[in-house]
Structure formats: structure tokens, C-alpha cells
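The structure appears below as C-alpha cells.
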Amino acid sequence: EGHAKQRALAKERRAAKPNADSIARSKQIWERLRRKSHVPLDERQKLVGELFTLISGRVSDFVFKHDSVRVVQCALKYANPSQREMIVNELQGSVVPLAESKYGKFLVAKMVVEGNRGIKDTIIPQFYGHVKRLINHAEAGWILDDIYRQVATKDQKTRLLQEWFGAEFAMADSPIGDLSSVLNQSPEKRKPVLSHLHKTISTLVGKQMTGFTMLHDAMWQYYTTLDPASDSHAEFLELLRSDIETAAEGDSSTGGDLLRNLAFTHSGSRLVCHALAHGTAKSRKAILKCYKDAVSIMAYDSNASLVLLTALDVVDDTKLSAKTILADVLAVDGKEADGKEVDSKKVEERLNRREAALTNLSARCVALWPLLAESSSGGSALPETANFLLPPTEREFISSLRAIRSTSSKKDPQTRASELRAYASPLLLELAEKRAAALSLTSFGCRCLAEILLCAQGEKCGAKISVAKLAEGVERAGCQRNRHVDRMFKTLLLGGHFNPATKQVDLVHPRLCFADVFFPAIKGQLVEWTTSPSSFVVVALLESPDVGDVIKAQARKILSKNAKKVEAVKE
1 EGHAKQRALA KERRAAKPNA DSIARSKQIW ERLRRKSHVP LDERQKLVGE LFTLISGRVS
61 DFVFKHDSVR VVQCALKYAN PSQREMIVNE LQGSVVPLAE SKYGKFLVAK MVVEGNRGIK
121 DTIIPQFYGH VKRLINHAEA GWILDDIYRQ VATKDQKTRL LQEWFGAEFA MADSPIGDLS
181 SVLNQSPEKR KPVLSHLHKT ISTLVGKQMT GFTMLHDAMW QYYTTLDPAS DSHAEFLELL
241 RSDIETAAEG DSSTGGDLLR NLAFTHSGSR LVCHALAHGT AKSRKAILKC YKDAVSIMAY
301 DSNASLVLLT ALDVVDDTKL SAKTILADVL AVDGKEADGK EVDSKKVEER LNRREAALTN
361 LSARCVALWP LLAESSSGGS ALPETANFLL PPTEREFISS LRAIRSTSSK KDPQTRASEL
421 RAYASPLLLE LAEKRAAALS LTSFGCRCLA EILLCAQGEK CGAKISVAKL AEGVERAGCQ
481 RNRHVDRMFK TLLLGGHFNP ATKQVDLVHP RLCFADVFFP AIKGQLVEWT TSPSSFVVVA
541 LLESPDVGDV IKAQARKILS KNAKKVEAVK E
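Residue numbers (the UniProt record's numbering): 1 to 571.
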């Protein structure tokens, strides 16, 4: 009875509040609309029309209550462009308080996601002047960062981020530029600006609020303005490493969260790469330890994979880098590594993981890096054969890190590459032998097969036979499919990569001699291959310096006997 009286009293109080009837009816409409699959289109349109009749002119009365704000979110979801603009216009000036609200922040996110570019450009400027306070706010910080990362234009990002440089920049009406531009325009402000930015960064890191993309961009801009030989440069890198868990910390420590979060953003990943390049053997080991349980996720991320590539490039302890990175990406079974018998089902699962890595644009870079990354001539530049792995900007970035490596790493790059290649080669050759057919279905799968056979170390006979079998029993006449497979055959028959400087093929050592297994596979169909769009493969067979004279003579003999068929196709 007491509870019944309390409920009745609460109901009376709600009914006495302003717009009580409108809010009650709107919640009934929301309860119906939220079950989208159960509401016919005609009924939904009618309910949405009634809902907008209830909230028009009174949107601000709905949005600061935890139950009625859901009604406005529902209205946004089903609104037409003009209705969305009406809601946004009514909330003009209320966006910041909404972002700070435990429930209102979701409405801000909804407006940005559902709204057109005009609505986005109306909402984002309302955060100007409030960035420093909001980024430290428990509720608003994540909404602000989501808008910065996913919605803001380049100029809007610049305008939001410049508030990190000091109070005077928060009052600017237009974007001033990134940190380097600010310091170039006003050199006298260098010390106070950098001091203010460092303090803001340190505060967020100290609070363990390290997942913000804005923070990562600010850290990268701060770092790039520092002199590599200065104390502040070393101190800032130490700030990154200070977050790493130490032996004295308990199991509940969140040490390393900063480095883990940094790895998955554009600016953050580059900062971690520099921390690895400038680090000592001890600090590199500590950084790799942070990523021990995340390597498989990092390999498939376009930003985080760059961190793994840098680690493979600069860490002198190749046993550590191979065990931490390559073993995870290439799915090495611990029992198999110890020479123990492994269940066949687990072997298939392991091969599936390895195949998935080779067919992913980011993960294949990590998997093939030991084979392709180091030039035989030395130097910091990537070899031409590895250009297909990374876009030009990232290749330049890797080259700049290798220039740093020359002063911070002790091991010779060729030695490091050879040790990593020796670890990865048998794993990749096993995949080529057992999954050649699956990999050949895509152009980059074929490219991976070619690079494995050309660059891997060790016994390649099984892998070569599996790849050559792809040519068996294929009717070539008039065949236009799988041209990438034919290009792979041509590359393998040539026995190396074409060198633009010398205009010749650089044969691999030891010689591949792919024709020894390929020619028997197509011998019975050599004429069909010659008279099909795949004829360039036969030309490679006849002209390659990697093909023996005996095979060439046999091929010419077959073609001379069928000269009329070949000539008929020419005509």
C-alpha cells in the first residue's frame, strides 16, 4: 500500500510539470516507433507527423530529461531534412550543455550522424572556445573527439585543435594553422605555447584519458617541433614510456594504455614508430611487451601495422621480434615449433589464419616484410620490389625511420633481415605449397605467391610444384580469366624481378628454375598456350635466362611441329 501511494504521488508530480501531457504522449509514440519492423510505413509517417507537432517549438524542453530526450532522437531518425534543420535550429546555443549531459550527448551524436553537411557546420562551431574544458569532461570529451575524428573538415579540425595551444587561440575566429605554422608566424610564442600544450597533454595522460584522437594529433604536432638532440625531445619520449607497466605495479595496472591507443591512429602510430626508432634495446622490448596480446589486431589495421613494420626494422633482438610479431601474424603453433605432433584440425586453422594475413592489404605487409623490406645494396630506401606493399607517403616515412635506425641500432640491417627471413620463410613456403590454389584467386594473392617463391630461403620444391599445378588441365584457347595467374607464371619463369636501371632481370640466388616443374605441366598444351592470350608466358619460357637450354629446345621442337597452327592464329 505504501508503494502504491508513492507511485501515485510520483505520477501527480509528473503531471504537474510543464508539457507533461505532450511528453507523455510523445513517449507513447516513441515506444511504438522504436519497433521499426512492427510498424507499417503509413502508420509510421502518421506517428512521426504527430510527434513533430508535439515537439515543435519545445525541443529544448524535451532534451534535458533522460526519458524524453530519446523521443527527440527518434524524431531525428525518421525526420526529413527540413525537420532535422528545425530541431537543430531550436537547439542553437544548447549543443555544449547537451554534450555535457549524460543522456543529451547521444542526441548531439545523432544530430551529427543524421544531419547533412549544413547541419554539421552549424553544430561544430558551437564547440569553439570550449575545447579545453570539454576534452577534460567525462561525458563531453568522447563526443567532441568523435566529432573531431569522424565529422569535422580539415579546417574545423585545425580550429578545434589550435585551442590546445593556449587561451588566445581559443578566441580566434578562423583557423590559424597547425603548431609548426603558429610557431613560424610567431617565434616569440614558442616557449609559452609549447609549455601550455605539454601541460595539457601531460594532464590527459596522467588521467589515463589517452584514447582521444585529438590528443594523439596534438602529441604528434608537439613532437615534430622538437629538436631531436634536445632534452625536451628525450623527455617527451620518456613520457610515452612512463605509462608502461612496471614490475612493481599490480595486475590491475593500466600501464601501456597510452601506447596501445596511439598505435591505432594516424598521428599516434607515427609517434610510436619514432619512439621505437629512437629507443634503446630495453625501451623497445618494453614497448613490444605492451602489444603482446594485440599483434593480430594491429596487423590488420592500416595505422597499427606501421608500428609492427618499424619494430621489425629497428629491434636488434630478432628472436624477440619474430616471437612477438611474426609468430602471431603467421600463426605459429607453439607445439609445432617445439617439434611436437599437432592436431590436423589445428593445422588447418593455422593455415587459414596465415592465408587471411596474406590476402589482407595491411597484414600482408607484416607477413612479407622479412622477405622484401631490405635492399641487397643497403641504404634506408625500400627496394623497388617492396613498393607494392605501401603507398609512397608511408615508404618515405619508413625510410626516414631507417635513417634514425642507423644511429640507434647496433645490428647490421642485412643481418637483421636475414635472420627474420630465415624465421618466416618456411612458414610462407608451407602456405604456398598447401594453399596455392586459394591464393591464386586474387591478383595480390598471386603477387604474394611470386614473392614467396622468389625471395624465401630454404627448400622450395613443394611450393613450386603446387604453383605449377595451377597450369595443369586449363583450357587456354580464348581464355580471358585469371590473367593475374599468367603474370605470376611469367615472373616466376623469368626467375627474378625486372631492374629498370639495367633493363634486365635480376636473377635470385640460388636460382629458382621454375620452368623445371612448370614446363611438364603445360607440355601437352603448349600450342594452346601459345595461341591464347597467355602467349606471353610461353615467350618468357623461351627467352628467360633462368630456363635451361634443354627445356627451351623441347619447347621449340613442339612449336615447330605445330607451326601451321601458330601461323594460322597470327593471320
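Just so you know, even glycine gets a beta-carbon here, dropped at the ideal spot from N, CA and C.
Item	Value
Does valine 505 come out as helix, strand or coil in the three-state DSSP assignment?	strand
How about glycine 268 and histidine 233: do their beta carbons lie closer than 8 Å?	no
Short of 7 Å in beta carbon distance, which residues of its chain neighbour alanine 331, apart from the five on each side in sequence? Order them along the chain.	Arg350, Arg353, Arg354
Assuming leucine 98 contacts valine 72 under a Cβ cut-off of 8 Å, what Cβ separation, rounded to an integer in Å, is found between them?	Not confirmed; about 10 Å, so no contact.
Buried or exposed: which applies to histidine 278, given that a residue is buried once 16 or more other Cβ atoms fall within 10 Å of its Cβ?	buried
Between the C-alpha atoms of arginine 260 and arginine 32, what's the straight-line distance to the nearest angstrom?	43 Å
Can you give me the C-alpha to C-alpha distance between glutamine 156 and phenylalanine 62, rounded to a whole angstrom?	29 Å
Among residues of its own chain, excluding the 5 on either side of cysteine 365, which ones have a beta-carbon nearer than 8 Å to its beta-carbon?	Ser305, Leu309, Leu389, Leu390
In chain order, what residues of the same chain have a beta carbon less than 7 Å from the beta carbon of arginine 25, not counting five sequence neighbours either side?	Leu54
For aspartate 178, does the count of other Cβ atoms within 10 angstroms reach 16, so buried, or fall short, so exposed?	buried
Report all residues from its chain with a CB closer than 7 Å to the CB of lysine 565; omit the five preceding and five following residues, and keep chain order.	Val527, Thr531
Quick check: the region 402–419 against the region 430–448, are at least 3 beta-carbon pairs closer than 8 Å?	no
If you drop the 5 nearest sequence neighbours on each side, which residues of the same chain put their C-beta closer than 7 Å to that of arginine 84?	Leu76, Glu114, Gly115, Ile119
What do you get for glutamine 162, buried or exposed, if any count of 16 or more other CB atoms within 10 angstroms of its CB means buried?	buried
Would you identify the three-state DSSP class for asparagine 184, choosing helix, strand or coil?	helix
Which term fits methionine 171, buried or exposed, when burial requires 16 or more other beta carbons within 10 angstroms of its beta carbon?	exposed
Could you name each continuous beta strand (DSSP E) segment of 3 residues or more that falls completely within the UniProt domain "CPL" (389–501), going from the start of the chain to the end?	496–499
When DSSP labels each residue in this structure, what does threonine 531 get in the three-state scheme?	coil
What residue range is occupied by the uninterrupted alpha helix (DSSP H) comprising glutamine 45?	41–55
With C-beta atoms as the reference, is leucine 420 less than 8 Å away from leucine 453?	no
For the region 66–150, which segments carrying the alpha helix (DSSP H) assignment without a break, of at least 4 residues, lie completely within its bounds, in sequence order?	69–78, 81–90, 95–99, 104–114, 117–123, 131–135, 140–150
Out of curiosity, what's the CA-to-CA distance linking isoleucine 244 and alanine 422?	31 Å
Quick check on the burial criterion: 16 or more other C-beta atoms within 10 angstroms. Buried or exposed for alanine 4?	exposed
At what residues does the alpha helix (DSSP H) containing histidine 198 begin and finish?	190–206
Just to confirm, is the Cβ distance from alanine 299 to alanine 386 under 8 Å?	no
In whole angstroms, give me the CA-to-CA distance for isoleucine 558 and aspartate 546.	20 Å
Taking Cβ positions, are alanine 515 and isoleucine 551 nearer each other than 8 Å?	yes
Rounded to whole angstroms, what is the Cα-Cα separation between valine 314 and proline 370?	12 Å
Can the beta-carbon of glutamate 317 be found closer than 8 Å to that of alanine 275?	Checking the sequence shown, residue 317 turns out to be aspartate, not glutamate. Not closer than 8 Å, so no.
Buried or exposed for threonine 203, going by 16 or more other Cβ atoms inside 10 Å?	exposed
So for alanine 294, helix, strand or coil by DSSP?	coil
Our contact map puts serine 60 next to glutamate 90 with C-beta atoms below 8 Å; I'd like the distance itself, whole angstroms only.	6 Å
Please check the pair cysteine 455 and leucine 372, which I expect to be a contact at CB under 8 Å, by giving their CB distance rounded to whole angstroms.	6 Å
Report the three-state DSSP secondary structure of methionine 209 (helix, strand or coil).	coil
Is proline 392 buried or exposed, if buried means 16 or more other CB atoms sit within 10 Å of its CB?	exposed
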